[in-house]
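Chemist:
Numbering (our numbering), first residue to last: 10 to 120.
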């Protein structure tokens, strides 16, 4: 878990490749989900209390079971419709600016 207001960008994670299973970066200034293309075994992604405006670049994370994007500036869940995270069990989106929840209904494992 990294809690630091100085992180602005997700980068240099490709070297971890398939070994990275948990990534938690809270209370930072991250504006965009990016740089996770090589981290295909990621199971837990927690980016709450950042500055995210969109849910993007996670559709390839098929092993994702826990996604926490609470306390950001996200307005829509529609992009989650393309997400192939069929095993997603927990999705946290509280305290965002979401006006509709389209895009989450295909996650059958949500609890």
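All C-beta atoms, glycine included, are put in the ideal place defined by N, C-alpha and C.
1) Any contact of the stretch 26 to 40 with the stretch 55 to 64, i.e. 3+ C-beta pairs under 8 Å?
2) Around the C-beta of residue 119, are 16 or more other C-beta atoms found within 10 angstroms, so that it is buried, or is it exposed?
3) Which class does residue 21 belong to by DSSP, given the choice of helix, strand or coil?
4) Relative to the C-alpha of residue 73, which candidate in 15, 93 and 23 has its C-alpha closest?
5) What does DSSP give as the partner residue(s) for residue 53 in the beta ladder?
6) When we look at the beta-carbon of residue 77 and count the other beta-carbons within 10 Å, is it buried (16 or more) or exposed?
7) If contacts are defined as beta-carbon pairs under 8 Å, then residue 66 and residue 83 qualify, I think. What distance do you get, rounded to the angstrom?
Modeler: This is what the structure gives:
1) As far as the Cβ criterion goes, the stretch 26 to 40 touches the stretch 55 to 64, which means the pair count is three or higher.
2) Exposed, because fewer than 16 other Cβ atoms sit within 10 Å of the Cβ of residue 119.
3) Three-state result, residue 21: coil.
4) Considering only alpha carbons, the answer is 93.
5) Residue pairing of residue 53 in beta bridges, as defined by DSSP: 31 and 75.
6) Residue 77 is buried by the Cβ-count criterion.
7) Contact between residue 66 and residue 83 does not hold, since the beta-carbon distance rounds to 13 Å and is not under 8 Å.
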